[in-house]
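Novice: First the structure, which I've put down as structure tokens, then a few questions once you've had a look.
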Amino acid sequence: MRHLIEINDLSVEEIEELIEVAKDIMQHPENYWDKCKHKKLATLFFEPSTRTRLSFESAMIELGGDVIGFSSASSSSASKGESVSDTIRIVGGYSDIIAMRHPKEGAALVGSIKSEVPIINAGDGGHHHPTQTLTDLLTISCEKNRLDNLTIGLCGDLKFGRTVHSLISAMSRYKNIKFILISPDELRISEYVKKEILDKYNMDYIETKNMEEYMDKLDILYMTRVQQERFFNEEDYLRLKDYYILNESKLEKAKKDLCIMHPLPRVNEISIEVDDDPRACYFKQAKYGKYIRMALILKLLGINYTRRKI
Ligand code: CP
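Residue numbers are given in numbering that gives the first Met the number 0: position 277 of the sequence shown equals residue 276, and the series is strictly consecutive.
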């Protein structure tokens, strides 16, 4: 039995396989309609979500399976003090696979230890969000046709943004990746990400506060929201929340084939005028999330699939 707690639980080969299966599902959805018949996915969301929870549920339904779960801690027995570990053991008796989001770092790992069914980490605090990273990798593969030789700008809240940490971790395994880390001083990438990934794997990276300084060099611009829920101080959040607002004028020097990504939800950090720019990929990115989660459910349930050569 396999769990997915962080992106590096999957090898590069397994990620490539998932991406190929997801592409095949996009092309031939009818081949997958009954692959999970009589299987149940439980979505245990102790923290709010739109894309992750609903794309998981949609993924399971499109595979012919069923879905149970809750969408807030207050509607579960966590509100009576039940531990994550106990919740997982109980729900494992009602379902075949569990996707779980929790505000505490490490919650999915703790839950997986006694679990009798595969656990998918759908976000644990400011730590990991591996299925967002799979979504991001599928988006990059579809939009740029490669996962190596890329200059990637990561902009915004690089301190608390778990999607950024997981993406850096994933991309550290591909060749010739350069990161431009764009953030205010207060939201710079954490020292542990530098030490355990960027420096450890000798990655090429530059830190800057200026969003436009390297705009002409970027193949991908990955915008992020300032994570209000992780701030201790409302004043700091209000001061930093609109530090970067991407608009058309800031894209003047950008490459014609730049891919603009954002895990969403967006607040103000991408002006709506950018939505009509052909380089805006973030709504497509959210849709890709459903297909990669379909591929992941099949893999973790050990269900055979027909895959055609892409
Ligand atoms: N990208 C993402 O995790 O979105 P949700 O919080 O809506 O699930």
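Ideal placement from N, C-alpha and C gives every residue a C-beta, glycine not left out.
Rounded to whole angstroms, what is the Cα-Cα separation between residue 202 and residue 173?
Specialist: Those two C-alpha atoms are separated by around 10 Å.
Novice: Would you mind stating whether residue 75 and residue 128 have Cβ atoms separated by less than 8 Å?
Specialist: Not in contact: residue 75 and residue 128 (Cβ atoms no closer than 8 Å).
Novice: Given 8 Å as the limit, is there contact between the region 134-150 and the region 112-123, that is, 3 or more CB pairs closer than that?
Specialist: Short answer: they don't touch.
Novice: Cα separation between residue 63 and residue 247?
Specialist: Cα-Cα distance, rounded: 42 Å.
Novice: Please indicate yes or no: does the CB of residue 263 lie closer than 7 Å to some heavy atom of ligand 1?
Specialist: True, at least one ligand heavy atom lies under 7 Å from that Cβ.
Novice: Does the Cβ of residue 0 have 16 or more other Cβ atoms within 10 Å, making it buried, or fewer, making it exposed?
Specialist: With fewer than 16 Cβ atoms within 10 Å of its Cβ, residue 0 is classed as exposed.
Novice: Taking the straight line between their C-alpha atoms, what separation do you get for residue 303 and residue 58?
Specialist: Distance between the alpha carbons of residue 303 and residue 58 is about 16 Å.
Novice: Flag this pair as yes or no: are the beta carbons of residue 66 and residue 42 separated by less than 8 Å?
Specialist: Taking 8 Å as the Cβ cut-off, residue 66 and residue 42 qualify as a contacting pair.
Novice: Secondary structure at residue 206, three-state DSSP: helix, strand or coil?
Specialist: In this structure, residue 206 counts as strand in the three-state DSSP scheme.
Novice: Tell me the DSSP secondary structure of residue 4 in three-state form.
Specialist: In this structure, residue 4 counts as coil in the three-state DSSP scheme.
Novice: Thinking just about the alpha-carbon of each residue, which of 113, 292, 79, 215 is nearest to the one in residue 91?
Specialist: Residue 113 is the option with its Cα nearest to residue 91.
Novice: What residue does the alpha helix (DSSP H) around residue 254 start on, and which one ends it?
Specialist: That residue, residue 254, is in no alpha helix (DSSP H); it is neither H nor E in DSSP.
Novice: Kindly indicate the opening and closing residues of the beta strand (DSSP E) around residue 110.
Specialist: Here residue 110 belongs to no beta strand (DSSP E); instead the alpha helix (DSSP H) covers 106-112.
Novice: Out of curiosity, what's the CA-to-CA distance linking residue 308 and residue 175?
Specialist: With a pLDDT of only 49 at residue 308, under the threshold of 50, the placement of this residue in the model should not be trusted; the figure read from the coordinates follows. So the two alpha carbons sit approximately 26 Å from each other.
Novice: Distance, Cα to Cα, residue 109 vs residue 290?
Specialist: The straight-line gap from Cα to Cα measures roughly 27 Å.
Novice: Taking the runs of the beta strand (DSSP E) that are 3 residues or longer, which of them lie wholly in the region 44-117?
Specialist: List check, beta strand (DSSP E) in window: 65-69, 96-101.
Novice: Does residue 121 have its Cβ less than 8 Å from a Cβ in chain B?
Specialist: The chain labelled as chain B is not found in the depicted structure, where only one protein chain is given.
Novice: Report the rounded CA-to-CA distance for residue 184 versus residue 221, giving the unit in angstroms.
Specialist: Roughly 18 Å between the two C-alpha positions.
Novice: Is the closest heavy atom of ligand 2 to the C-beta of residue 52 under 7 Å?
Specialist: Ligand 2 is absent from the structure shown, which contains only ligand 1.
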